[in-house]
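Student: Pasting a structure below so you can have a look.
Number of protein chains: 2
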Amino acid sequence: MIGCENSKKSDSDSNKEKCLSDDVINLDQGDPTAFQEYWMKMKDRCTVVIPGWDLMSYFSDTTNVCWFLEPELEKAIKALHGAIGNAATEERYIVVGTGSSQLCQAALFALSSLSEVKPVSIVAAVPYYSTYVEEASYVQSLLYKWEGDARTFDKNGPYIELVTSPNNPDGIMREPVVNRREDGKVIHDFAYYWPHYTPITRRQDHDLMLFTFSKITGHAGSRIGWALVKDIEVAKKMVQYLTINSIGVSKESQTRATTILNELTKTCRTQSESFFDYGYEKMKSRWERLREVVESGDAFTLPNYPQAFCNFFGKTISTSPAFAWLGYKEERDLGSFLKEKKVLTRGGDRCGCNKKYVRVSMLSRDNDFDVFIHRLASIKDRKCNQP
Amino acid sequence: MIGCENSKKSDSDSNKEKCLSDDVINLDQGDPTAFQEYWMKMKDRCTVVIPGWDLMSYFSDTTNVCWFLEPELEKAIKALHGAIGNAATEERYIVVGTGSSQLCQAALFALSSLSEVKPVSIVAAVPYYSTYVEEASYVQSLLYKWEGDARTFDKNGPYIELVTSPNNPDGIMREPVVNRREDGKVIHDFAYYWPHYTPITRRQDHDLMLFTFSKITGHAGSRIGWALVKDIEVAKKMVQYLTINSIGVSKESQTRATTILNELTKTCRTQSESFFDYGYEKMKSRWERLREVVESGDAFTLPNYPQAFCNFFGKTISTSPAFAWLGYKEERDLGSFLKEKKVLTRGGDRCGCNKKYVRVSMLSRDNDFDVFIHRLASIKDRKCNQP
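Note that the protein sequences, when read in sequence, are chains G and V.
Per the working numbering, the first sequence starts with residue 1, numbered consecutively.
Per the working numbering, the second sequence starts with residue 1001, numbered consecutively.
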């Protein structure tokens, strides 16, 4: 399921040499281990120390709608959005979750519970984040029903559109497509709306916006996400979901996320220290290497992204998504083909699309990325890939 | 929602003086803050230090069915059960969850998904843990359906019985009551089967057993629970639920739980240091004070528990449950009555029972417990309580 399949511990570096040979490379999940090197360079700067007697209660602030949200994390989230300029936080409730997956389900629960008519249709434009299908289906809820592609959706009645922008898997900036205001709600998933992935062209200002710690800094193991929610009734229902589902969110993770987000904010204008400068250069360099291989052959396709002025960096920059939406120029099950080459990716069919596309994580460790580029270079021309 | 309602931060001690006056005392939730004093005495013994670059991946051990379970936590769990002798861990899969609430829902999902006929009936004998009703109902799943009291359950078809032992709310040791082997499954919730609450009379050895870190040591804020699961297919389905629901469990919390559980194991035979010796004395003393007040009046009732030989302590001990199941000797809405006295409790109706009973947390801070005993003493006689 990860990096080298025969490596037991994901954080181990002992597998570097092995991977250079012919082990299976897993670029299916988006495990954001690429950024670990930055945090290693930071050494003790974000070390957290938690004594045994601390963080014992279920409760963080009983006066807050989200009673399990640590007040310092709330401040850190607001400060970071303020510094980056990617989202409005004023006049909003912040709801913390065990990752943004749990929050997305809390939002589906909240919006559909508050709908007079049920089940509420859930849609997302193709290609969509494959996990949405599972999140909207697995418990077979009577509150909502997965209805697939938002572009072909024509059912009457209430619906919720999931809008991921920039999109997972293809990195495109997105807007809702259904737009039936009278009975539609939108969940805006901004997991990747950070300047190392995409130019920050506007301060997002929607009713329900999701963010995740994992994809900003790479701390996926902490399972911290947050929602910015305008309507108190929606926020309350989300908190109800999180209360029944897991009685809140790990305080240790909240404490660590607070420390790390505060460090991001503090250093974001110091180029030599800024995580976002580091992350932008890292992602840009990986995309240049990927494009070079793809463009030097005739087998593969990649989306093109317009350059745009980034309000955060104060200059025109390119887009370097967390996933590559790799296509094959002929009809072919690209996922199976790459699997033969010992590269695991997520098939386009899981994203509601054609199997000639795959989603490839661009956030692996350097070594896995090197091997991927190496293997892709060996199959970049169609004439060499005949069955 | 906690201790003193006008105190903002649960872990603050600044509210001690206020509570001695006439603030609202919240004994509704079972926030286990009683044990914090033990951990303060332990000072730095269980301090965890987490550098910024650590615990970043989603993955803990990709060779394990529960791929997000930290291997050191698995060892710590097995060692503690071995030292206490309360549950068999051999030939079982350990599944970690964001508290045992999430695991209970994962178990409902797993057992019902694997059932040919759906929805599967969910039952528990009255009085039951009120949260089970919410857990089995809130997403309106087609997989399972809450059917209430196990004792009056007479529907045909598959069912799952939730057996909490010792029981929440009334502290009684329990066995399944439906016992239709051909189509019944049992989830054994052993949240309170630890020697500070109840004599350890046998090593539990069931197909699906739930435990929670919160109620052992008081670390509710960590949101760590675990399931011991015999059947690999059930374990896999539970992991599927946890993967979709929250993509695993906080690594920071797992790391801290590992440190603390290891300390429990290491010191459990050293009387001066043992958490269980401390916890047993603490709970016993609180129960003695509570019984003294109740028995000195004629208004209230409490369950009686037989003494029993505890295999862990090696002697006959009494039972001191985490909740008191307080009854009133006449028909009366006891929860409302106590609320007038500024003591919040959980009404017996929420546990499928009569309103003349309430569940009272015995795990509050000392100060809140003192105020509770003081207020109860002022209403212990019926003749003073006429409306």
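From the three backbone atoms N, C-alpha and C, an ideal C-beta is built for every residue, glycine too.
For I160 of chain G, which of G:F323, G:H188, G:M40 has the nearest alpha-carbon?
Tutor: Here residue 160 of chain G refers to the residue found at position 160 when the first sequence is read from its first residue. Nearest of G:F323, G:H188, G:M40 to I160 of chain G, Cα basis: G:H188.
Student: Where in the stretch 1007 to 1091 of chain V do unbroken runs of the beta strand (DSSP E), each at least 3 residues long, occur, reported from the N-terminal end onward?
Tutor: Runs of the beta strand (DSSP E) inside the stretch 1007 to 1091 of chain V: 1048 to 1050.
Student: Ends of the alpha helix (DSSP H) at T1243 of chain V?
Tutor: For the purposes of this step, residue 1243 of chain V is taken as the residue at position 243 of the second sequence. Secondary structure note for T1243 of chain V: its alpha helix (DSSP H) is the uninterrupted segment 1232 to 1246.
Student: Measure the beta-carbon distance from T212 of chain G to G82 of chain G and round it to whole angstroms, keeping in mind my assumption that it falls under 8 Å.
Tutor: The residue given as residue 212 of chain G occupies position 212 in the first sequence. The residue given as residue 82 of chain G occupies position 82 in the first sequence. The Cβ separation is near 18 Å, so there is no contact.
Student: Apply the 10 Å Cβ neighbour rule to I1247 of chain V and answer buried if 16 or more other Cβ atoms are within range, or exposed otherwise.
Tutor: Taking the first residue of the second sequence as position 1, residue 1247 of chain V is located at position 247. Buried: at least 16 other Cβ atoms inside 10 Å.
Student: To the nearest whole angstrom, what separates the beta carbons of S1222 of chain V and S250 of chain G, a pair I think is in contact under 8 Å?
Tutor: For the purposes of this step, residue 1222 of chain V is identified with residue 222 of the second sequence, where counting begins at 1. For the purposes of this step, residue 250 of chain G is identified with residue 250 of the first sequence, where counting begins at 1. So it is a contact: roughly 6 Å between Cβ atoms.
Student: Give a yes or no on whether 8 Å exceeds the smallest Cβ distance from T265 of chain G to chain V.
Tutor: By one-based count along the first sequence, residue 265 of chain G stands at place 265. Taking Cβ atoms only, chain V never reaches closer than 8 Å to T265 of chain G, which makes this a no.
Student: Comparing the C-beta of F1276 of chain V with each C-beta of chain G, is any distance below 8 Å?
Tutor: Counting from 1 along the second sequence, the entry for residue 1276 of chain V is found at position 276. No - not a single Cβ of chain G is within 8 Å of the one on F1276 of chain V.
Student: Taking only beta carbons into account, state which residues of the stretch 228 to 248 of chain G come closer than 8 Å to chain V, listed in chain order.
Tutor: Q240, Y241, I244, N245, S246, I247, G248
Student: Assign R181 of chain G to one of three DSSP states: helix, strand, or coil.
Tutor: Taking the first sequence and counting its residues from 1, the one referred to as residue 181 of chain G is at position 181. Residue state for R181 of chain G is assigned as coil, using DSSP reduced to three classes.
Student: Between which residues of its own chain and D22 of chain G is the CB-CB distance below 8 Å, once the five residues before and five after are set aside?
Tutor: Walking along the first sequence from the start, residue 22 of chain G turns up at place 22. Cβ within range, chain order: K342.
Student: For C1046 of chain V and chain G, any beta-carbon pair shorter than 8 Å?
Tutor: Reading the second sequence from its first residue, position 46 is the one you call residue 1046 of chain V. Chain G, which has a Cβ nearer than 8 Å to the Cβ of C1046 of chain V, makes this yes.
Student: Which same chain residues, not among the five before or five after S1274 of chain V, have their C-beta less than 7 Å away from its C-beta?
Tutor: Working through the second sequence from its first residue, we reach residue 1274 of chain V at position 274. Within the same chain, T1267, C1268 come within 7 Å of S1274 of chain V by CB-CB distance, once the 5 residues on both sides are set aside.
Student: Can you tell me whether DSSP reads G1003 of chain V as helix, strand or coil?
Tutor: Translated into positions along the second sequence, residue 1003 of chain V becomes position 3. Here G1003 of chain V scores only 34 on pLDDT, less than 50, and its place in the model is too uncertain to base an answer on.
Student: Would you mind sorting E1074 of chain V into buried or exposed? The rule is 16 or more other CB atoms within 10 Å of its CB.
Tutor: Along the second sequence, one-based indexing puts residue 1074 of chain V at 74. Its Cβ being crowded by 16 or more others within 10 Å, E1074 of chain V is buried.
Student: Are the beta-carbon atoms belonging to N1123 of chain V and A1150 of chain V less than 8 Å from one another?
Tutor: As a first step, residue 1123 of chain V is located in the second sequence; it is residue number 123 there, counting from the start. As a first step, residue 1150 of chain V is located in the second sequence; it is residue number 150 there, counting from the start. Rather than Asn, the amino acid found at residue 1123 of chain V in this sequence is Val. Yes, the pair counts as a contact, with Cβ atoms nearer than the cut-off.
Student: For W287 of chain G, which three-state DSSP category applies?
Tutor: Position 287 of the first sequence holds residue 287 of chain G. It is helical.
Student: Return yes when the Cβ of S361 of chain G is within less than 8 Å of the Cβ of L114 of chain G, no when it is not.
Tutor: Within the first sequence, numbered from 1, the residue matching residue 114 of chain G stands at position 114. Within the first sequence, numbered from 1, the residue matching residue 361 of chain G stands at position 361. At least 8 Å separates the beta-carbon of L114 of chain G from that of S361 of chain G.
Student: Between the stretch 120 to 147 of chain G and chain V, which residues of the former have a C-beta closer than 8 Å to a C-beta of the latter?
Tutor: T131, E134, E135, Y138, V139, Q140, S141, L142, L143
Student: May I ask you to list the residues that DSSP assigns as paired with E1135 of chain V?
Tutor: As a position in the second sequence, residue 1135 of chain V is number 135, starting the count at 1. In DSSP, E1135 of chain V forms no bridge with anything.
Student: How close, in whole Å, do the beta carbons of P195 of chain G and C310 of chain G come, if the pair is a contact with beta carbons under 8 Å?
Tutor: As a working mapping, residue 195 of chain G is identified with position 195 in the first sequence. As a working mapping, residue 310 of chain G is identified with position 310 in the first sequence. Yes, P195 of chain G and C310 of chain G are in contact; Cβ-Cβ is about 6 Å, under 8 Å.
Student: What is the DSSP secondary structure of V186 of chain G, counted as helix, strand or coil?
Tutor: As a working note, residue 186 of chain G is residue 186 in the first sequence. Note: V186 of chain G maps to strand in three-state DSSP.
Student: Extract the residue ranges of the beta strand (DSSP E) inside the stretch 193 to 236 of chain G, only unbroken runs of 3 or more that lie entirely within it.
Tutor: 208 to 212, 224 to 229
Student: Closer than 8 Å, CB to CB, is V358 of chain G near chain V or not?
Tutor: Indexing the first sequence from 1 puts residue 358 of chain G at position 358. Taking Cβ atoms only, chain V never reaches closer than 8 Å to V358 of chain G, which makes this a no.
Student: Kindly indicate if chain V contains any beta-carbon less than 8 Å away from that of T301 of chain G.
Tutor: One-based indexing of the first sequence puts residue 301 of chain G at position 301. No, T301 of chain G does not count as interfacial toward chain V.
Student: Using 8 Å for Cβ pairs, my map puts I317 of chain G next to P199 of chain G. What's the rounded Cβ distance?
Tutor: Position 317 of the first sequence holds residue 317 of chain G. Position 199 of the first sequence holds residue 199 of chain G. Indeed, because the Cβ distance is near 5 Å, the residues count as touching under 8 Å.
Student: Enumerate in chain order the residues of its own chain whose CB-to-CB distance from G1390 of chain V is below 8 Å, with the five nearest sequence positions on each side excluded.
Tutor: This structure does not reach residue 1390 of chain V, given that chain V is present from 1001 up to 1387, and the question cannot be answered.
Student: Does the separation of the CB atoms of K356 of chain G and E331 of chain G fall below 8 Å?
Tutor: Taking the first sequence and counting its residues from 1, one reaches residue 356 of chain G at position 356. Taking the first sequence and counting its residues from 1, one reaches residue 331 of chain G at position 331. For K356 of chain G and E331 of chain G, yes; Cβs fall inside 8 Å.
Student: Just to confirm, is the Cβ distance from S57 of chain G to D1381 of chain V under 8 Å?
Tutor: By one-based count along the first sequence, residue 57 of chain G stands at place 57. By one-based count along the second sequence, residue 1381 of chain V stands at place 381. No, these two residues do not count as a Cβ contact at 8 Å.
Student: By Cβ distance below 7 Å, which residues in the same chain neighbour D1183 of chain V in space, the five residues on each side in sequence not counted?
Tutor: In the second sequence, residue 1183 of chain V corresponds to position 183, counting from 1. G1157, P1158, Y1159, listed in sequence order.
Student: Could you tell me the alpha carbon to alpha carbon distance between S1141 of chain V and M1040 of chain V, rounded to whole angstroms?
Tutor: For the purposes of this step, residue 1141 of chain V is taken as residue 141 along the second sequence, with counting starting at 1. For the purposes of this step, residue 1040 of chain V is taken as residue 40 along the second sequence, with counting starting at 1. Each residue's Cα considered, the two are about 43 Å apart.
Student: Which residues of chain V have a Cβ atom closer than 7 Å to the Cβ of R256 of chain G, listed in chain order?
Tutor: Stepping through the first sequence from its first residue, residue 256 of chain G is reached at position 256. In chain order: I1050, E1252.
Student: Out of V:S1378, V:T1270, V:I1244, which one is the CA nearest neighbour of G1297 of chain V?
Tutor: Start at 1 with the first residue of the second sequence, and residue 1297 of chain V comes out as number 297. Of the candidates V:S1378, V:T1270, V:I1244, the one whose C-alpha sits nearest the C-alpha of G1297 of chain V is V:S1378.
Student: Looking only at C-alpha atoms, which of V:A1125, V:T1063, V:Q1105, V:N1064 sits nearest to C1353 of chain V?
Tutor: Within the second sequence, numbered from 1, the residue matching residue 1353 of chain V stands at position 353. Out of V:A1125, V:T1063, V:Q1105, V:N1064, V:A1125 has the C-alpha closest to the C-alpha of C1353 of chain V.
Student: Which residues bound the beta strand (DSSP E) around R359 of chain G?
Tutor: Locating residue 359 of chain G in the first sequence gives position 359, where the first residue counts as 1. Looking at the DSSP string, the run of the beta strand (DSSP E) that includes R359 of chain G is 357 to 361.
Student: Distance cutoff 8 Å, beta carbons only. Does S336 of chain G sit that close to anything in chain V?
Tutor: Mapped onto the first sequence, residue 336 of chain G falls at position 336. With 8 Å as the cut-off, S336 of chain G does not count as an interface residue toward chain V.
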